[in-house]
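Residue numbers (our numbering): 1149 to 1400.
Glycine is no exception: its CB is placed at the ideal position from the N, C-alpha and C atoms.
Remember, predicted model here, so these are calculated numbers, not experimental data.
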């Protein structure tokens, strides 16, 4: 069954990936992550490092322009390496609000530079700023429980979708946050609120889990990814070991 799924959906994308340049919890640099993902068989990746509200690797006290320039280095190195080896690399980031985290897509460094208000924006304002740029907000691992997360908080009115499958939760090789019930609750939450689901590995090093979203066709930009998710295009989700349909039902 898995082979048939891969034949039908040959274009696999990692949507949740960290680099050591942008995320203090990551161990591998952008170039290393790009090479590892290419070798694994990904068509493309989204670099989603932790911003100032999360476990960022960049000094929060820096002036805004300098902070953004340094923060984007992991993505830029991954993109340069991806262009060299034939891996599509797209920009995003993971925004943190007292450990409630959101994956932002369809934005870029110039947008960040033009919006220093982001540093102090709340969840609702962030949503509107992202939407003004044609972007998308996905609630990352909404039901994860961990020492750094004081409480599960849900904001269905200020997100466009839910990370229903997080490989760190349900892949047997995960070394952190391993509890598949977190995904089960996220899937139920997405269904209840009629929100589309995504999947990613939340990977921080080159020992990949293989999670992500697979499509029938190649994506050409972050905007293309957003359109595919929000327009109910056909795709499947994976935690690197099992496959699921867009509603979170296991296929294999």
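Discussion item. So the candidates are 1191, 1356 and 1349; which of them puts its Cα closest to the Cα of residue 1367?
Written reply: Along the chain shown, one-based indexing puts residue 1367 at 219. When only C-alpha atoms are compared, the closest one is 1191.
Worksheet item: Taking one C-beta from the segment 1383–1399 and one from the segment 1202–1212 each time, how about it: are there three or more such pairs within less than 8 Å?
Response: As far as the Cβ criterion goes, the segment 1383–1399 does not touch the segment 1202–1212, which means the pair count is below three.
Worksheet item: How big is the Cα-Cα spacing for residue 1396 and residue 1355?
Response: Here residue 1396 refers to the residue found at position 248 when the chain shown is read from its first residue. Here residue 1355 refers to the residue found at position 207 when the chain shown is read from its first residue. Residue 1396 and residue 1355 have their C-alpha atoms roughly 25 Å apart.
Worksheet entry | Span of the alpha helix (DSSP H), counted from its first residue to its last, around residue 1164 | For this step, residue 1164 is matched to residue 16 along the chain shown. Counting along the chain, no alpha helix (DSSP H) covers residue 1164; the unbroken beta strand (DSSP E) around it starts and ends at 1159–1165.
Worksheet item: What are the boundary residues of the alpha helix (DSSP H) that includes residue 1151?
Response: Stepping through the chain shown from its first residue, residue 1151 is reached at position 3. Residues 1150–1156.
Item to complete: For the segment 1315–1389, list the alpha helix (DSSP H) runs that are entirely contained and at least 4 residues long, ordered along the chain.
Response: You should have 1315–1318, 1329–1340 and 1370–1378.
Fill in: Pick from 1239, 1317 and 1155 that is closest to residue 1198, judged by C-alpha positions
Position 50 of the chain shown, counted from the first residue, corresponds to residue 1198. Considering only alpha carbons, the answer is 1239.
Discussion item. With a threshold of 8 Å between beta carbons, is residue 1337 in contact with chain C?
Written reply: The chain inventory of the structure shown lacks chain C, comprising one protein chain alone.
Discussion item. At the level of alpha carbons, what is the spacing between residue 1320 and residue 1254?
Written reply: If you number the chain shown from 1, residue 1320 lands on position 172. If you number the chain shown from 1, residue 1254 lands on position 106. One C-alpha to the other measures close to 31 Å.
Discussion item. By the three-class DSSP mapping on this structure, what secondary structure does residue 1202 have?
Written reply: Position 54 of the chain shown holds residue 1202. Reduced to three states, the DSSP call for residue 1202 is coil.
Worksheet item: Is it buried or exposed for residue 1152, if we count other Cβ within 10 angstroms and need 16 for buried?
Response: Indexing the chain shown from 1 puts residue 1152 at position 4. With fewer than 16 other CB atoms across the displayed protein chains lying within 10 angstroms of its CB, residue 1152 is exposed.
Worksheet item: Under three-state DSSP, which class holds residue 1307?
Response: By 1-based counting over the chain shown, the position of residue 1307 is 159. Residue 1307 sits in coil when the DSSP states are folded into three classes, being neither helix nor strand.
Item to complete: Confirm, please, whether the CB-CB distance from residue 1311 to residue 1347 is below 8 Å.
Response: On the chain shown, residue 1347 is found 199 positions in, with the first residue counted as 1. On the chain shown, residue 1311 is found 163 positions in, with the first residue counted as 1. For the pair residue 1347 and residue 1311, the CB atoms are nearer than the 8 Å cut-off.
Worksheet item: For residue 1318 versus residue 1387, is the C-beta spacing smaller than 8 Å?
Response: Taking the first residue of the chain shown as 1, we reach residue 1318 at position 170. Taking the first residue of the chain shown as 1, we reach residue 1387 at position 239. Result yes, Cβ atoms of residue 1318 and residue 1387 sit closer than 8 Å.
Discussion item. Please classify residue 1156 as buried or exposed, where buried requires at least 16 neighbouring CB atoms within 10 angstroms.
Written reply: In the chain shown, counting from the first residue as 1, residue 1156 sits at position 8. It is exposed - the Cβ of residue 1156 has fewer than 16 other Cβ atoms within 10 Å.
Worksheet entry | Of the listed residues 1372, 1178 and 1251, nearest to residue 1306 (C-alpha basis) | For this step, residue 1306 is matched to residue 158 along the chain shown. Considering only alpha carbons, the answer is 1251.
Practice prompt. For residue 1287, count neighbouring Cβ atoms within 10 angstroms of its own Cβ and tell me buried if that reaches 16, exposed if not.
Written response: For this step, residue 1287 is matched to residue 139 along the chain shown. Its Cβ being crowded by 16 or more others within 10 Å, residue 1287 is buried.
Practice prompt. Measure from the alpha carbon of residue 1313 to the alpha carbon of each residue in 1290, 1229 and 1300, then state which is nearest.
Written response: As a first step, residue 1313 is located in the chain shown; it is residue number 165 there, counting from the start. Minimum Cα distance to residue 1313 is reached at 1290.
Worksheet item: Are residue 1174 and residue 1164 close, meaning C-beta to C-beta below 8 Å?
Response: Position 26 of the chain shown holds residue 1174. Position 16 of the chain shown holds residue 1164. Taking a C-beta distance under 8 Å as the contact criterion, residue 1174 and residue 1164 do not qualify as a contact pair.
Fill in: Own chain, CB closer than 6 Å to residue 1275, minus 5 neighbours either side, in chain order
As a first step, residue 1275 must be located in the chain shown, where it is residue number 127. Hits under 6 Å: 1285 and 1306.
Worksheet item: residue 1323 and residue 1188: beta carbons closer than 8 Å?
Response: As a working note, residue 1323 is residue 175 in the chain shown. As a working note, residue 1188 is residue 40 in the chain shown. No, the pair does not count as a contact, with Cβ atoms beyond the cut-off.
Discussion item. Since residue 1161 and residue 1282 should fall inside the 8 Å C-beta cutoff, what is the C-beta to C-beta distance between them, to a whole number of angstroms?
Written reply: The residue you call residue 1161 lines up with position 13 of the chain shown. The residue you call residue 1282 lines up with position 134 of the chain shown. The beta-carbon distance between residue 1161 and residue 1282, rounded to whole angstroms, is 19 Å. This is too long to meet the 8 Å contact definition.
Worksheet entry | residue 1309 versus 1273, 1339 and 1257, residue with shortest Cα-Cα distance | The sequence position of residue 1309 within the chain shown is 161, counting from 1. Of the listed residues, the one whose Cα sits closest to residue 1309 is 1339.
Discussion item. Output needed for residue 1180: all residues of its chain with C-beta closer than 7 Å, excluding positions within five of it in sequence on either side, in chain order.
Written reply: The residue labelled residue 1180 in the question sits at position 32 within the chain shown. Result list for residue 1180: 1354, in chain order.
Discussion item. Can you tell me where the beta strand (DSSP E) holding residue 1287 begins and where it ends?
Written reply: Here residue 1287 refers to the residue found at position 139 when the chain shown is read from its first residue. Taken as a continuous stretch (DSSP letters only), the beta strand (DSSP E) holding residue 1287 covers 1284–1287.
Worksheet entry | Close Cβ partners of residue 1294 (< 7 Å) along its chain, the five nearest in sequence each way excluded | On the chain shown, position 146 is the one that residue 1294 refers to. So the qualifying residues of the chain are 1325.
Worksheet item: Roughly how many whole angstroms lie between the Cα atoms of residue 1332 and residue 1349?
Response: Indexing the chain shown from 1 puts residue 1332 at position 184. Indexing the chain shown from 1 puts residue 1349 at position 201. Taking the straight line joining both Cα atoms gives about 16 Å.
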